[in-house]
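Residue numbers (my numbering): 2 to 171.
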Amino acid sequence: IPLFWLSAVLLAGCGRQVTQLDPDTLIHRAWERYRLGDFDLTVSDFEAALATVPEGDSRRPMILYGLGTVWNLRTPVTQQKPDLAASFFHQAVEADPDGELAAWSALALARGQHLVPVGREPDYAQVREAYQGVIDRYPGHLAADEAFIYLQSTVAATMETQASRQAVRD
Numbered sequence: 002i003p004l005f006w007l008s009a010v011l012l013a014g015c016g017r018q019v020t021q022l023d024p025d026t027l028i029h030r031a032w033e034r035y036r037l038g039d040f041d042l043t044v045s046d047f048e049a050a051l052a053t054v055p056e057g058d059s060r061r062p063m064i065l066y067g068l069g070t071v072w073n074l075r076t077p078v079t080q081q082k083p084d085l086a087a088s089f090f091h092q093a094v095e096a097d098p099d100g101e102l103a104a105w106s107a108l109a110l111a112r113g114q115h116l117v118p119v120g121r122e123p124d125y126a127q128v129r130e131a132y133q134g135v136i137d138r139y140p141g142h143l144a145a146d147e148a149f150i151y152l153q154s155t156v157a158a159t160m161e162t163q164a165s166r167q168a169v170r171d
């Protein structure tokens with residue numbers, strides 16, 4: 002019997018020690034894992050961080066943007082979930098409509114409308130409206146500058162002389 006108890010004590014000590022990490026650590030670790038391409042662990046860290054921060058917490062938009070980004074851009078492409086990504090980007094905008102990450106989330110939403118699967122044509126009127134919305138909502142922001150470039154690319158891509166000239170002038 003003493004051997005049984007000794008074995009039980011030793012085995013209990015070999016288990017994984019579970020510690021709760023603070024949201025900042027989880028967010029930092031999630032982005033590191035994203036850079037390394039470990040998307041499943043990235044999602045786990047962002048979800049754990051999201052579970053620890055209340056509505057209105059200043060870190061919430063970063064977490065939501067992170068979740069949107071990983072579901073939008075993860076590889077292989079077959080693991081991407083654009084609708085789920087869009088949901089997180091919308092939540093990021095709602096969490097802090099005038100914040101830094103709201104602008105980037107709005108741009109990601111517009112890009113999601115623009116980048117469609119091969120063989121499908123985007124609804125260019127809707128895409129241009131989405132880009133213009135980013136420009137109007139976040140003037141002077143780098144995300145608005147990118148939206149402007151993408152908007153002009155949709156005009157120039159028509160290969161219509163007048164439209165292309167106007168894009169160049171703009």
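Using N, Cα and C, we set each Cβ at its ideal position, and we do this for glycine too. Bear in mind that the values here come from a model prediction, so they are computed numbers and not experimental data.
Collapsed DSSP secondary structure at ALA168 in the structure displayed: Counting from 1 along the sequence shown, the entry for residue 168 is found at position 167. When DSSP states are grouped into helix, strand and coil, ALA168 belongs to the helix group.
TYR35 vs THR26 beta-carbon contact at 8 Å: Position 34 of the sequence shown, counted from the first residue, corresponds to residue 35. Position 25 of the sequence shown, counted from the first residue, corresponds to residue 26. The answer is no: Cβ separation not under 8 Å.
Simplified DSSP state of HIS91, which is helix, strand or coil: On the sequence shown, residue 91 is found 90 positions in, with the first residue counted as 1. DSSP places HIS91 within a helical segment (H, G or I) once states are collapsed to three.
With 16 other Cβ atoms within 10 Å as the buried cut-off, status of ALA158: Taking the sequence shown and counting its residues from 1, one reaches residue 158 at position 157. So ALA158 ends up on the exposed side.
Three-way DSSP call (helix, strand, coil) for ALA13 in this model: Stepping through the sequence shown from its first residue, residue 13 is reached at position 12. Here ALA13 scores only 48 on pLDDT, less than 50, and its place in the model is too uncertain to base an answer on.
Where ALA52 falls, given that 16 or more other Cβ within 10 Å makes a residue buried: Along the sequence shown, read from residue 1 onward, the residue named residue 52 stands at position 51. With fewer than 16 other Cβ atoms within 10 Å, it is exposed.
Cut-off 8 Å between Cβ atoms - residues of its own chain near ALA144, not counting five sequence neighbours on either side: The sequence position of residue 144 within the sequence shown is 143, counting from 1. If the five residues before and after ALA144 are omitted, its C-beta is found closer than 8 Å to the C-beta atoms of ALA104, TRP105, ALA107, LEU108, VAL135, all from its own chain and listed in chain order.
Cα-Cα separation, GLY141 to PRO24: As a first step, residue 141 must be located in the sequence shown, where it is residue number 140. As a first step, residue 24 must be located in the sequence shown, where it is residue number 23. Here the alpha carbon of GLY141 sits roughly 30 Å from the alpha carbon of PRO24.
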